[in-house]
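Each residue of the sequence shown is one higher than the one before, starting from 1 at the first, in the working numbering.
First comes the structure, then the notes that go with it.
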Amino acid sequence: MGYTMKKLIALFLVALMIPCVAVAESTNTRGLVEFLELYSSRFAAYACQNGLEFDASTYSALPPYKSGDYLVFESSAGSIGVYPGSYDIHDVTMTFYSMTDDDADNELFATSCIMAISALEFDASYEKGPSLARKSATDDAVRIFDEEIGGRLEESLAQAIETGKRVYVCSCNYDYYIDYFVSGAHEFVYLIAEERK
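As structure tokens, this is what we get:
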């Protein structure tokens, strides 16, 4: 194998390891139905492999409601804001952590966030192809969750608590923010994915 080919392979492998980079282009929005299908199928596969219980019903019994220019659907992935008509996703607000729940609930919240990230960032074609070249949307979402979001969580959360405003964390296909919310004795940390225009 020639030197040039080795350099190309090395560059390709480095690119695979950094799925989340600062980007200026607009978001390739995910449709509501596609998002929910990807979220459910990947969560179900992950749960089966890891012995977790998973409720495949991602739809809420609540009807969608209007919030500004968007329709909001409640699902097990979070609150999903979509454009009326096209149903393309503008934003998803996910429970990242509850300071009043036990560790098992928080592990489920984190896993749900990872599956939502995988559905927002990587479409169904991402995992297609020959087995040697096949990528895992879940593994790459875990990498984004751990390295990009988790690596900035402490600082971002402190800033969100101090300012009372959501704080930008990173950009991938969607932009990600951390938000802090208090309701009575309950404290929540939210992860928000939002379309970049």
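For glycine and all other residues, C-beta sits at the position ideal for the given N, C-alpha and C.
Since we're looking at a predicted model, the values are computed, not measured.
Discussion item. By the three-class DSSP mapping on this structure, what secondary structure does E195 have?
Written reply: What you label residue 195 is simply residue 195 of the sequence shown in a count that begins at 1. E195 falls in the coil class under three-state DSSP.
Worksheet item: Would you call K189 buried or exposed, if buried means 16 or more other Cβ atoms sit within 10 Å of its Cβ?
Response: Residue mapping note: residue 189 aligns to position 189 of the sequence shown, counting from 1. Checking the displayed sequence, the identity of residue 189 turns out to be Val instead of Lys. Classification for V189: buried.
Item to complete: Just grab the DSSP bridge partners of L71 for me.
Response: Reading the sequence shown from its first residue, position 71 is the one you call residue 71. Its beta-bridge partners are K66, V82.
Discussion item. Taking a contact to mean a Cβ-Cβ separation below 9 Å, would you say R166 touches Y177 in this structure?
Written reply: Locating residue 166 in the sequence shown gives position 166, where the first residue counts as 1. Locating residue 177 in the sequence shown gives position 177, where the first residue counts as 1. Result yes, Cβ atoms of R166 and Y177 sit closer than 9 Å.
Worksheet item: Which runs of the alpha helix (DSSP H), 4 residues or longer, sit entirely within the segment 135-178?
Response: 137-143, 153-163
Item to complete: Report all residues from its chain with a CB closer than 8 Å to the CB of L153; omit the five preceding and five following residues, and keep chain order.
Response: Translated into the one-based positions of the sequence shown, residue 153 becomes position 153. Answer for L153: V169, I178, listed in chain order.
Worksheet entry | Buried or exposed by the 16-neighbour rule on C-beta atoms within 10 Å, applied to H201 | The chain is shown from 1 up to 197; residue 201 falls before or after that span and cannot be answered.
Worksheet item: Just reading off the beta strand (DSSP E) that T93 is part of, what are its end residues?
Response: For this step, residue 93 is matched to residue 93 along the sequence shown. Residues 89-98.
Discussion item. Quick check on DSSP: helix, strand or coil for E187?
Written reply: For the purposes of this step, residue 187 is taken as the residue at position 187 of the sequence shown. If DSSP states are grouped into helix, strand and coil, E187 belongs with the strands.
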